[in-house]
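Asker: For the record, the sequence lines run as chains A and B.
Numbered according to full-length UniProt numbering, the first sequence spans residues 1 to 386.
Numbered according to full-length UniProt numbering, the second sequence spans residues 1 to 915.
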Amino acid sequence: MAAASALYILDLKGRVLIWRDYRGDVPASQAERFFAKVMEGEGDPSSHAPVIFDDGVTYLFIQHNNLYLMTATRQNCNATSMLLFLHRVVDVFKHYFEELEEESLRDNFVVVYELLDEMMDFGYPQYTEARILSEFIKTDSYRMEVVQRPPMAVTNAVSWRSEGIRHKKNEVFLDVVESVNILVNSNGQVVRSEVVGALKFRTYLSGMPECKLGLNDRVLLEAQGRSTKGKAIDLDDIKFHQCVRLARFENDRTISFIPPDGAFDLMTYRLSTQVRPLIWVEAQVERHSRSRVEYMVKARSQFKERSTATSVEIELPVPADATCPGVRTSMGTAIYAPEREALLWKIKSFPGGKVRYLKIIEKSGYQALPWVRYITMAGEYEIRMS
Amino acid sequence: MSGHDSKYFTTTKKGEIHELKEELNSPYKDKRKDAVKKVIAAMTVGKDVSMLFTDVVNCMQTENLELKKLVYLYLINYAKSQPDLAILAVNTFVKDSQDPNPLIRALAVRTMGCIRVDKITEYLCDPLQRCLKDDDPYVRKTAAICVAKLFDINAELVEDRGFLDTLRELIADSNPMVVANAVAALAEIQENTTKSIFEITTQTLAKLLAALNECTEWGQVFILDALSMYKAKDAREAENIVERVTPRLQHANCAVVLSAVKVILQNMELITSTDVVRNLMKKMAPPLVTLLSSEPEIQYVALRNINLIVQKRLNILAHEIKVFFCKYNDPIYVKMEKLEIMIKLASDRNIDQVLLEFKEYATEVDVDFVRKAVRAIGRCAIKLDRAAERCINVLLELIKIKVNYVVQEAIIVIKDIFRKYPNTYESIIATLCESLDTLDEPEAKASMIWIIGEYAERIDNADELLENFLESFPEEPPQVQLQLLTAAVKLFLKKPIERAQEMIQVVLNNATQETDNPDLRDRAYIYWRLLSTDPEAAKDVVLAEKPVISDDANQLEPNLLDELLANISTLSSVYHKPPDAFVSRTRVVVQRTEDEEEDTEAAGPGEVSAPVPEHLRIERGVGTPGGLVAQGQHGQTGPSTSRTPSVASTSAAPPAAVSPLGDLLGDLMGLDAPAVVPEEPAMPAKPVLLTASAGQGLEISGQLVRRERQVYYDLTFKNNSGLVLDGFMIQFNKNTFGLLAGAPLQLPAIAPGSSASTLLPMNLFQNLSQGPPTSLLQVAVKNQQQPVWYFADKVPLHALLLEEGKMERSAFLETWKSLPDANEVSKDLANAVISNVDALLEKLLNNNIFFIARRHLAATNQDALYLSSKIPPNTPLLVELTAVIGFPGVKCACKTAMPEMAPLFFESMEVLLKP
């Protein structure tokens, strides 16, 4: 088993903003070598693979806003853990300072060091639950004279929720958000399509509530001997928030959990069924002279008349050196946005998985109100042109 | 929640330190706290604030947790530079470790463990002992990690104080987080010791599996990684482990998922039921696919791992090739890895779809990606016989687009396709020739020339085409020159027309007279002599049938693959290299052999560094284009993250065919000086430099030794591969002592399962590197059958010390005094011990370290030994060893005009003074 030697946060010029040494075998100055390596490849440093080796030291890094977050190690450490940890550091800092950037780091460097001390020990990731961390590590404005103690949750089996939470009104909001990813090749064939869904919870429940969620999951319904005609779906791959009892799900497919307080993603899933794109786009390219290109783009809807899609956005990548593109549209408006490159769609109302029930049980036996709504979003639509 | 700490960064006036000092000693609490914050801010931007040590430590005794944490942070960074002052902090630490607040108790042990100062370490033991048994799990989990910290600083202390036992007891702790940290600590300690301290038994296994369900996501990773080291007793136990681990595949944390995959794959090896295995493979596919919707950095690691997994168990993802199709906005490093996996998953069933994708990629903007896509098409052609024609058609379509680098890349892969399927696709040569003028990259040019030479008899104007290239022969890069030479010879042998004869004259003249490239010259001479002595033999050699090539994409050597799979999710699996190849952390030193003692007696006078005869140096270059040049750029331990197919393309004559001409070439090749030493089984094993798993079955062990005033590289080559290995060559990178082989490496062909040894004479100061001295010696070895192997060795300074190092007592004293004090460097060798002075002196004498005097220091019961030696070329190095006889710990001080050599000398002494 191996761990990180030190964690660095650098600005885009390679200056060290934060350096936390964990093992004393990679000095602060080593960041220079890392930065030189990142800059070595010509062009865009963000195209550099996130694992760099140089002279016995491995650097694992991610980029966020105007910052590099990087860990250095001399050992064979768990690369997935390290990179994921860096992303968690970003999440925690964002929870604390709203946005993680050079200015917010400088403004809060004392808390930053406190957090880094708590989140990682001797290079091993320890604890990254932002909500619980903020119970005992506070920024200046919230700091109290009372000496803080580590909340039970830090070492408890239920490490994501503190005890003794009280809400006047006990409510749960559940959004089922599904996004559709589609890849269409230049012949107009759908090469790949999948639905990626997430169950986004916002829970405001008192005490330690036991929740149980039922879905129209085919495997479960069949196991219970119910008819699955028409209303069941195959969930290809389900990923659960750490609060869900995985062993229990493996046994009898029930989703039982004690939720964290506030917003979290209970589960994500993937359906790789054939999905017909709701809006079909065709493009023709005509080259007029050496420097003039004309794109002719047609969009056509493929869903029922009585539903309408709102806020649809189509983005056409144009070469970076394009100047003064002229546009004509038969519907809506189009503008040239030099800073963007992606094709992006927004489509509402699209059928998907159904929540059958959501049960909440707490010792005190209060009544809780579950609210469920369904949202469908476009994920990545990629349509290639010939 | 936002702070205003940036104001602490603003004071940069002169006299700042003085001001800070005053503020740190202010009677007001708030002022002191602000001052400490300013100090930390200064530290963060890299200013040296170590001179404020005493003042900062004075602020340590405080009720204010925030202030305390800041002072602790300061201590971690500066205690090492102020070891004597650091002791001031000990009292507070010990007191804090008994504080009623668990947060403070944990903070105290956590910080103490990070302060790598011996004096503090001693005081850490008692608090640590208490904290390991603390009532609060938060303190225990912190103490568990602290044991690993202490082991890193002072391993003996950990063993002596019984911390390992306490740590093992924590595996049964009621709190899952404590269990997880104890597992992490034990696993780390196990990696750094040769003793068995962390063995998973049936009982511990049950506890680990139970804790897995309860602990935090990071803790689950620790436990899974530890479980992956455990070898199940039988299929039943393996199935049981897998059953308990499988639910982890549903975890949202990708690190948990990959570590679970690792454990499952390890145990699958033991499971006999095909149903169970099939079922597991089915279960593993969706989580692996979902890893591709995580953050791009994680995707990259996942893809590198999937690359390994499909090499072992292709079926897991055989039907999922679509998920590896590149998205236009994938970062380039993700695209490259996806491409690699697509090649692995390409099959007759999906090749049409895959080719459509590759064709799409070949028209994108990123040049490297486009090139790789074109290469991928070629690799698929070589991999799938039935799809070869379709691949060729796609390549031809791409050539028609006339994008220069696409054309060149296509020609390179078409050359490989020609080699794989001879006499099948020659009809397209005409199309290729159309692009002849646009080629400007050496590899593409060389490929095209190879095609012309290979099919000279079918290309009507082959002579004309080659002639075009010949005009610029002297300016061409070596790669192209070599191909031109061979192609001209092929043309001559196939079509001995007048023009070909003229051409060959020109080429041979050019390649022998006008060039200073030894590779080219040697190959030209060989051809020349072959052609003039026996043209039929020349035909047999030059036009010989070529070995079949295959796509090497699936060919990680099985042992290496298994080792890498056992390391899933770690850096090793990202680099596709075993951990030894890149881990640079100093470990427990492997026991060095002591055979240097035997025959290092001083002999008659002799040149220490004879110049290498010119022809010997040239000889090493034969047949290694690139190999020699490359080592300057490649660090041999540096894992490269991308692999390119290495399909042999030249038709250089194999050495076996040349040997009848030994008389002619003997002087040139240096074949007549056998220096092969028969294997001596009695010799103690030399350190292994290249493991069999890293060297595709070739194991190289060796070390530098000194015999009769000459440095030799004592090398043993063991062949565990399935091939006969021959044509060994060796080269050294620039190094501190300029070590370079004094003769060619003389080894016979080594049959599978056998080994051979040699003593390679080494010369000094031939090959000097710049920069501070290091003992690093980077070596490259190659043979005819395998790629070039790179490995690193350590130069033992004692193998280089001169026989003339003996000094008179008076001269010793004088030299010692004449050198400035700054030239004295000392080091405590903690693990060294002097038990028998006479034996030691003899051993040192054999290594050219000469005894001058001995003194007993009654006050400390220590003995001091004074010794002299001489570093080549001619620098005396004086030594004082101080130790209590029979007890571990030797202080080694040395004084020399080249104090920068001291660290190397200490390394040597650590070896020589090993108990």
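Every residue, glycine too, gets a C-beta built ideally from N, C-alpha and C.
Just so you know, these numbers come straight off a predicted model, no measurement behind them.
1) May I have the straight-line CA-CA distance separating P331 of chain B from K282 of chain B, to the nearest angstrom?
2) Name the residues in the segment 557 to 587 of chain B whose C-beta lies less than 8 angstroms from a C-beta of chain A; which are they?
3) Three or more beta-carbon pairs under 8 angstroms between the segment 113 to 121 of chain A and the segment 333 to 341 of chain B, yes or no?
4) In whole angstroms, what is the alpha-carbon distance linking N213 of chain B and E380 of chain A?
5) Would you check if the distance between the CB atom of L801 of chain B and the CB atom of S869 of chain B is smaller than 7 angstroms?
6) With C-beta atoms as the reference, is Q703 of chain B less than 7 angstroms away from K686 of chain B?
7) Which residues mark the beginning and the end of the alpha helix (DSSP H) in which H64 of chain A is found?
8) How is the beta strand (DSSP E) around R855 of chain B delimited, first residue to last?
9) So the candidates are B:V724, B:L797 and B:P787; which of them puts its Cα closest to the Cα of L739 of chain B?
10) Since I238 of chain A meets chain B, which of its residues come closer than 8 angstroms, beta carbon to beta carbon?
11) If you draw a straight line from the alpha carbon of C326 of chain B to that of H576 of chain B, how long is it in whole angstroms?
12) In three-state DSSP terms, what is F122 of chain A?
13) To be precise: take each residue of the segment 312 to 333 of chain B, compare its Cβ to all Cβ atoms of chain A, and keep it if any distance is under 8 angstroms. Which residues remain?
14) To the nearest angstrom, report how far apart M909 of chain B and K383 of chain B are at their CA atoms.
15) Mind checking the segment 868 to 882 of chain B against chain A and listing, in chain order, the residues whose C-beta falls within less than 8 angstroms of any C-beta there?
16) Please go through the same chain and pick out, in chain order, the residues whose beta-carbon is closer than 8 angstroms to the beta-carbon of E32 of chain A, but skip the five residues on each side of it.
17) Would you decide whether H48 of chain A is buried or exposed? Buried here means 16 or more other CB atoms lie within 10 Å of its CB.
18) If we define contact as Cβ-Cβ less than 7 angstroms, is Y8 of chain A a contact residue for chain B?
19) Verify the CB distance criterion: does R106 of chain A have a CB-CB separation below 7 angstroms to chain B?
20) Select from the segment 267 to 296 of chain B all residues with a C-beta closer than 7 angstroms to any C-beta belonging to chain A, and list them in chain order.
21) Mind checking which residues open and close the beta strand (DSSP E) that includes I182 of chain A?
22) Decide if E596 of chain B is buried, meaning its Cβ has at least 16 other Cβ atoms within 10 Å, or exposed.
23) Can the beta-carbon of L24 of chain B be found less than 7 angstroms from the beta-carbon of D55 of chain B?
24) Are the beta-carbon atoms belonging to F850 of chain B and G886 of chain B less than 7 angstroms from one another?
25) So what does L740 of chain B bridge to, in DSSP terms?
26) For L485 of chain B and I412 of chain B, what's the separation of their Cα atoms in angstroms?
27) So, for T279 of chain B: in the same chain, excluding its five sequence neighbours on each side, which residues have a beta-carbon less than 8 angstroms away from its beta-carbon?
28) Please report how far the alpha carbon of F418 of chain B lies from the alpha carbon of S427 of chain B, in whole angstroms.
29) Compare the C-beta of E619 of chain B against all C-beta atoms of chain A and say whether one is closer than 7 angstroms.
30) Going along chain E, which residues have a C-beta under 8 angstroms from T44 of chain B?
31) Can you list the alpha helix (DSSP H) stretches of 4 or more residues lying completely in the segment 767 to 824 of chain B, in chain order?
32) Taking the alpha carbon of D562 of chain B as the point to measure from, which residue in B:V263, B:Q203 and B:L865 has its own alpha carbon closest?
33) Since F173 of chain A and P125 of chain A should fall inside the 8 angstroms C-beta cutoff, what is the C-beta to C-beta distance between them, to a whole number of angstroms?
34) Would N101 of chain B count as contacting chain A if we go by Cβ distances under 7 angstroms?
35) CB of V779 of chain B to nearest heavy atom of the ligand HEM: below 6 angstroms?
36) Whose CA, out of B:I298, B:Q250, B:K231 and B:E467, lies closest to the CA of L270 of chain B?
Answerer: According to the structure shown:
1) Numbered from 1 along the second sequence, position 331 holds the residue referred to as residue 331 of chain B. Numbered from 1 along the second sequence, position 282 holds the residue referred to as residue 282 of chain B. About 29 angstroms.
2) Here the close residues are N567, S569, T570, L571, S572, S573, V574, Y575, P579, F582, V583, S584 and R585.
3) Counting Cβ pairs under 8 angstroms, fewer than three are found: no touch.
4) Position 213 of the second sequence, counted from the start, is the residue given in the question as residue 213 of chain B. Position 380 of the first sequence, counted from the start, is the residue given in the question as residue 380 of chain A. N213 of chain B and E380 of chain A have their C-alpha atoms roughly 35 angstroms apart.
5) Counted from its first residue, the second sequence places residue 801 of chain B at position 801. Counted from its first residue, the second sequence places residue 869 of chain B at position 869. Contact: yes.
6) Sequence index remark: in the second sequence, residue 703 of chain B carries index 703 (1-based). Sequence index remark: in the second sequence, residue 686 of chain B carries index 686 (1-based). A contact, by the Cβ cut-off of 7 angstroms.
7) Counting from one through the first sequence, the residue named residue 64 of chain A turns up at place 64. No alpha helix (DSSP H) contains H64 of chain A, which is instead part of the beta strand (DSSP E) from V57 to H64.
8) Taking the second sequence and counting its residues from 1, one reaches residue 855 of chain B at position 855. Looking at the DSSP string, the run of the beta strand (DSSP E) that includes R855 of chain B is F850 to L857.
9) The residue you call residue 739 of chain B lines up with position 739 of the second sequence. For L739 of chain B, the nearest C-alpha among the options comes from B:L797.
10) One-based indexing of the first sequence puts residue 238 of chain A at position 238. Result: Q250.
11) One-based indexing of the second sequence puts residue 326 of chain B at position 326. One-based indexing of the second sequence puts residue 576 of chain B at position 576. Their Cα atoms are separated by approximately 22 angstroms.
12) Locating residue 122 of chain A in the first sequence gives position 122, counting from the first residue. Looking at F122 of chain A - three-state DSSP - the assignment turns out to be coil, as it is neither helix nor strand.
13) So the list reads K322, V323, F325, K327, Y328, N329, P331, I332 and Y333, given in the order they occur along the chain.
14) In the second sequence, residue 909 of chain B corresponds to position 909, counting from 1. In the second sequence, residue 383 of chain B corresponds to position 383, counting from 1. Rounded to whole angstroms, M909 of chain B and K383 of chain B show a C-alpha spacing of 55 angstroms.
15) None of the residues of the segment 868 to 882 of chain B has a beta carbon lying less than 8 angstroms from any beta carbon of chain A.
16) As a working note, residue 32 of chain A is residue 32 in the first sequence. The residues are G14.
17) As a first step, residue 48 of chain A is located in the first sequence; it is residue number 48 there, counting from the start. Looking at its Cβ environment, which holds 16 or more other Cβ atoms inside 10 Å, H48 of chain A is buried.
18) Along the first sequence, read from residue 1 onward, the residue named residue 8 of chain A stands at position 8. Chain B contact via Cβ: absent.
19) Counting from 1 along the first sequence, the entry for residue 106 of chain A is found at position 106. It does; some Cβ of chain B falls within 7 angstroms.
20) Within the segment 267 to 296 of chain B, the qualifying residues are P286, P287, V289, T290, S293 and E295.
21) Here residue 182 of chain A refers to the residue found at position 182 of the first sequence. Where I182 of chain A is concerned, the enclosing beta strand (DSSP E) stretches over E171 to V184.
22) If you number the second sequence from 1, residue 596 of chain B lands on position 596. Reliability of the predicted coordinates at E596 of chain B is poor, the pLDDT of 40 falling under 50, and no value is obtained from them.
23) For the purposes of this step, residue 24 of chain B is taken as residue 24 along the second sequence, with counting starting at 1. For the purposes of this step, residue 55 of chain B is taken as residue 55 along the second sequence, with counting starting at 1. L24 of chain B places its beta carbon less than 7 angstroms from that of D55 of chain B.
24) For the purposes of this step, residue 850 of chain B is taken as the residue at position 850 of the second sequence. For the purposes of this step, residue 886 of chain B is taken as the residue at position 886 of the second sequence. Not closer than 7 angstroms, so no.
25) If you number the second sequence from 1, residue 740 of chain B lands on position 740. Under the DSSP definition of a beta bridge, L740 of chain B partners with B:N763.
26) In the second sequence, the residue the question calls residue 485 of chain B occupies position 485. In the second sequence, the residue the question calls residue 412 of chain B occupies position 412. Distance between the alpha carbons of L485 of chain B and I412 of chain B is about 19 angstroms.
27) Start at 1 with the first residue of the second sequence, and residue 279 of chain B comes out as number 279. Sequence inspection shows Asn at residue 279 of chain B; the Thr mentioned does not correspond to that position. Counting only residues of its own chain and dropping the five nearest sequence neighbours on each side, N279 of chain B has no CB closer than 8 angstroms to any other CB.
28) Residue 418 of chain B sits at position 418 when you count from the first residue of the second sequence. Residue 427 of chain B sits at position 427 when you count from the first residue of the second sequence. Rounded to the nearest whole angstrom, the CA to CA distance from F418 of chain B to S427 of chain B is 11 angstroms.
29) For this step, residue 619 of chain B is matched to residue 619 along the second sequence. The pLDDT assigned to E619 of chain B is 35, lower than 50, so where the model puts this residue is not dependable; a value taken from the coordinates is nonetheless given after this. No Cβ of chain A is located within less than 7 angstroms of the beta carbon of E619 of chain B.
30) Chain labels in this structure do not include chain E; the protein chains are A and B.
31) Scanning the segment 767 to 824 of chain B for uninterrupted alpha helix (DSSP H) segments of 4 residues or longer gives 809 to 818, listed from N- to C-terminal end.
32) The count along the second sequence starts at 1 and reaches residue 562 of chain B at position 562. Closest in C-alpha terms to D562 of chain B, from the list B:V263, B:Q203 and B:L865, comes B:V263.
33) Against the first sequence, residue 173 of chain A aligns to sequence position 173. Against the first sequence, residue 125 of chain A aligns to sequence position 125. Contact between F173 of chain A and P125 of chain A does not hold, since their C-beta atoms are separated by about 30 angstroms, which reaches or exceeds 8 angstroms.
34) Here the question's residue 101 of chain B lines up with position 101 in the second sequence. Taking Cβ atoms only, chain A reaches closer than 7 angstroms to N101 of chain B, which makes this a yes.
35) The ligand content of the structure shown is nil, which means the ligand HEM is not present either.
36) Indexing the second sequence from 1 puts residue 270 of chain B at position 270. When B:I298, B:Q250, B:K231 and B:E467 are compared, the shortest CA-CA separation from L270 of chain B is found for B:K231.
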